[in-house]
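Respectively, the protein sequence lines represent chains A and B. If you count by the numbering used here, then the first sequence holds residues 6 to 114, one letter each, in order. If you count by the numbering used here, then the second sequence holds residues 806 to 1688, one letter each, in order. For each residue, glycine too, the CB sits at the ideal point set by N, CA and C. Quick caveat, the model's predicted, so the values are computed rather than measured. Working notes, structure below.
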Amino acid sequence: MKKPDALQGTLDLLVLKILSRRPRTHGYGIMAAVKDCSDELLRVEEGSLYPALYRMEEAGWIRAEWIKKDTGRRARVYELTAAGKKQLGIEESRWQSASSAINQVLRTV
Amino acid sequence: MSLWSRIVNAVRSEQLSREIAEEMESHIAEAVEHGRDPDEARRALGRSYEQRQQRESSYEIRTLGWLELLRADVLFGWKQLKRNKVTSIVAILSLALAMGACIGAFRLMDALLWRPLPVANAERLYAISREAFTPEGKLVRSDIWPYPSFSLMRDAVKDQAELLAVSTADRRDLTYGSDAEMEKANVQYVSGAMFQAFGLKPALGRLLVEDDDRTPGSHPYAVLSYDYWTQRFGHDPQIVGKTLRIGKDIYEITGVVNEPFTGTEPGTMTDLFLPAMMHPAVTRSDVGWVRPLVLVKQGTTLEPLRQKLSATSRAFDEERIKGFSSADKKSLRWILDVTLLIQPAGAGVSNLQDEYRKALSILGVLVAMVLLIACANVANLKMAQSAMRSREMALRVAIGAGRGRLVQMLLVENAMLAVLAAGLGALFAWQSAPLVVSMIQSSDTPVRLLLYTDWRVLGFGVALVFCVLLLFGVLPALRASAVKPVSALKGGDDDPNSRRRLMHGLIAAQVAFCFLVIFMSGLFVRTFESLSHKPLGFSPENLLLLDVVTPQGQLPVVWDQIADKLRSVPGVERVAIASSPLLSGAAWNNFVSVGGAAPSSIAAYLLAISPGWSETMKIPLLDGRDFRSGDATPGQAIVNQSFVKTFLDGKNPIGKTFQEEENHFQVVGLIADAPYGNLRDPIVPVAYIPFHEVNAQGVAQLETQETFLVRTSGSDPLALASVLRKTIPQARAGFRVTDLRTQSDLVRAQTVRERLLAMLAAFFSFVALLLAAIGLYGVLSYSVQQREREFGIRIAVGARVADIAWQATSRILLMVMMGAVIGAALGIASVRYVETLLYGVKGSDPLMLTGPALALLAIALLSALPVIVRASRIDPKIMLRAE
């Protein structure tokens, strides 16, 4: 069976964050960015990434566009929409409060 | 992603799949560029199975799943419909016919009976009428009042309601120039206040106002309807201020009322609106012509209003009856013992409505039954079809299709049938409804019904599709989807018996409705036959009727000279003059006193005629003599047999005397009975009197209008029409033909409604029979197919063909008989609803019940025949080998 993906429920946050820093990135780029930035601690499986991308696109957080690359091949790149920026804010603060809550538990017990 | 782009995606699904695939490919290429192993990268996207699933889930997000499924279902359904071409065509055609008939009937009924008038406050509009029993015990109803009575009622209820005076819309002669250019238009007298009360706006000029309701005879203004302005004047903007003449009165056109108001009488388009004050009888208490419309104020309760109106009307009548000197007071009581009714009139008030309300409702019920038959039929076809498809369904269930999916798939298929049928039916209705309207008009009453095609009709159509789908589509879909895969895949139907029971039930229902339709149509056909074959007592063939006027009036001798002139036209056999033709609807009656006794309680009818009238009409003179040129009114009279029976105890009438008002008559002749005003009523007592009228001093009176009756020798009386039309003004200047028709037309006009009902009912019973035959055949052949193996075995062990035939058909024949019995019971129960429309036929007549029974039996045998042949030809060897 597959290894569990990046922490449950954080995939959206990671994708949104990466796209906010590096707009117009394609699927592979996003995957690579997660790996690099986390010093290879976090991994996103392709099997989860693409459905998530389409889902976020449907929700209107990101939009996609086909671009022509230097190699002549077409690639589909993603960027944040205004709704996506707002969502990123929500997810970030949700993560902050969740992780600080967990830290608190770890400290006090 | 917007809903729109998802809908678009659903439609361009292939492209979407390609795009997803392309994105995956570009992902792999990227990975390879970064030094990953191509195979490993491909694997990272998932094994082929997962990859496809992933693609599918990606894909589903990007389309509307259900829409995509729907599209697939539609395509698949279309394929199915095409595969079963014959079944589909039969289903679509029978549904289309039935739905078309329903939509057509709805359009007619909506236009005539239900559609609110295009006025403000139509929902607060009511009409009043009076009901009473005559001394003979007949219930009569009237909705007309004399204007003075109306005006008292209007004042009495001023606080609760506004009463508007409206006359019937009549065809009148009028001219915009000289008398030579007389033409006809529909004229309606209305309260000036009506336009404002209805919130109507002028398209041009001004409409009538309340001030036009003040003084009798002094508001000579006319308002045109938009339609008439368009048709007659081509939108002439200069029309305001022009004048027209009706009779002796000159009217000034003040304006044009805006679309779409065409008067308050559905079926008749009013061309000209005149102020009620200009009606010739506006001051008379003894002439009823106002049809009051009651515009109830908000918050008024009807019952107190009705009582107030009733009391006022009665007080007026009591006052009026005091003036009656000649009549028996007791026999006049019934005039006062009336019930005043108040009924919603938002859809207007017209004679056409009264005459056709019931007939159309019954037609509506008949078409609804035909629709039920068609639905039962198609449901059966579908059910038999789904039996053939049970393997397919089972396979679908086995590979994981949910029941919901199957129902959706089948429903989509059925909905396509319904929608196709509705489209075809709409075309049919579009053509047939105007045809029916053209059938109910006769030459002198042009019916113009605006048949709309708008949201009302569309809404009805959509509702109809849903109803039909519910009736024929849901049950078979539910049944077909309820397959148990194991038994179906093993080759057997899961429960053929329950399926067959359902089909048999539907057959019984279908036969019951079919019986009812044929039974009703039999009653209507018989009614039409007995009316149209009723002995007339005169001969209508080759009889032309020319209504002639001379506005200033002429002496009777001049009229006689014109008759002589007409006699000299080649092809004319006989000519006579009468004040009106028989069966024209015109009636003149009064109480008479015989031999100096008190006035009778029964009214006698009168008709003014010239010498030679009975000969021209071919009514036998039974005793005495015809009129001579010297006979005059008052003076001599000829009476019919009913007159003798009613007033003279059946004794020889010659030489007897009677009195009508102040006029004394002596009977000089007796002629045979003939219908006077109406074919349906019993023959009335008639006194024929000379049209030569003299006053008390014996001076001949001027006559302004008479009817010439011309009997021609040729087979087509109308061939002489144009010659005769020209002869009259040539014979004498100032005389003019205002109407020309044949006596046969008048006879036919008496049976227009009956003919319409008979024709349409006969058509629908033909359709019903046809549908029943198709349905029976379908079910029979299905059941034989289901039992082929069983029959094969039976034959192999020695069953005879007759046994097999009986086996194959007995249960269905039983269903037919059950259906027929139910249908007969329904027919007998419903006959009293149509009684008023029947003539010369009783619903309880056993003959009327055997007809449909025989027809159904014949149809059942006919549709069973090919199936029996097929059952008997089963070759047990082939059959059993195949197993």
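Closest residue to residue i among the options (Cα-Cα distance)
i                       : options                        : result
residue 911 of chain B  : B:1653, B:1659, B:1264         : B:1264
residue 1015 of chain B : B:1106, B:974, B:1540, B:1024  : B:1024
residue 1497 of chain B : B:1472, B:1384, B:1597         : B:1384
residue 1491 of chain B : B:1515, B:1397, B:1561, B:1169 : B:1397
residue 943 of chain B  : B:1075, B:1564, B:1407, B:1082 : B:1407
residue 1578 of chain B : B:1533, B:1672, B:1543         : B:1672
residue 1487 of chain B : B:1410, B:1546, B:1495         : B:1410
residue 1506 of chain B : B:1439, B:1120, B:1344, B:1523 : B:1439
residue 874 of chain B  : B:1390, B:1266, B:1214, B:1225 : B:1214
residue 1615 of chain B : B:934, B:1571, B:1662          : B:1662
residue 1171 of chain B : B:1573, B:1622, B:1597, B:900  : B:1573
Straight-line gap, residue i to residue j (C-alpha atoms, nearest Å)
i                       : j                       : result
residue 1325 of chain B : residue 1568 of chain B : 12 Å
residue 1670 of chain B : residue 1068 of chain B : 58 Å
residue 907 of chain B  : residue 1649 of chain B : 29 Å
residue 1286 of chain B : residue 1655 of chain B : 42 Å
residue 32 of chain A   : residue 69 of chain A   : 11 Å
residue 1122 of chain B : residue 1452 of chain B : 28 Å
residue 1018 of chain B : residue 1056 of chain B : 15 Å
residue 1220 of chain B : residue 1231 of chain B : 16 Å
residue 902 of chain B  : residue 1233 of chain B : 7 Å
residue 1503 of chain B : residue 1351 of chain B : 29 Å
residue 1060 of chain B : residue 950 of chain B  : 28 Å
residue 1631 of chain B : residue 1216 of chain B : 32 Å
residue 968 of chain B  : residue 1100 of chain B : 6 Å
residue 1036 of chain B : residue 1028 of chain B : 15 Å
residue 86 of chain A   : residue 39 of chain A   : 20 Å
Exposure label - residue i; buried when at least 16 CB within 10 Å
i                       : result
residue 1434 of chain B : exposed
residue 938 of chain B  : exposed
residue 854 of chain B  : In this prediction, residue 854 of chain B scores a pLDDT of 43, lower than 50, which makes its location untrustworthy; the coordinate-derived value is nonetheless stated afterwards. The residue is exposed, with fewer than 16 neighbouring Cβ atoms inside 10 Å.
residue 105 of chain A  : exposed
residue 108 of chain A  : exposed
residue 905 of chain B  : buried
residue 98 of chain A   : exposed
residue 1562 of chain B : buried
residue 839 of chain B  : exposed
residue 1257 of chain B : exposed
residue 1580 of chain B : buried
residue 1046 of chain B : exposed
residue 22 of chain A   : buried
Residue range of the beta strand (DSSP E) that includes residue i
i                       : result
residue 1148 of chain B : 1144 to 1149
residue 1383 of chain B : 1377 to 1383
residue 1531 of chain B : Not the beta strand (DSSP E): residue 1531 of chain B falls in the alpha helix (DSSP H), residues 1526 to 1536.
residue 1396 of chain B : 1394 to 1399
residue 1050 of chain B : 1048 to 1051
residue 991 of chain B  : 988 to 995
DSSP state of residue i mapped onto helix, strand, coil
i                       : result
residue 1139 of chain B : helix
residue 1217 of chain B : helix
residue 64 of chain A   : helix
residue 1542 of chain B : strand
residue 7 of chain A    : Because the pLDDT of residue 7 of chain A is 38, which lies under 50, any placement of that residue in the model is unreliable, and the number read from its coordinates should be weighed accordingly. Coil, per DSSP.
residue 887 of chain B  : helix
residue 1493 of chain B : strand
residue 822 of chain B  : helix
residue 947 of chain B  : strand
residue 841 of chain B  : coil
residue 1466 of chain B : coil
Residue interval of the alpha helix (DSSP H) (run including residue i)
i                       : result
residue 1183 of chain B : 1156 to 1193
residue 1367 of chain B : 1361 to 1372
residue 1121 of chain B : 1107 to 1126
residue 1677 of chain B : 1651 to 1677
residue 1000 of chain B : 999 to 1002
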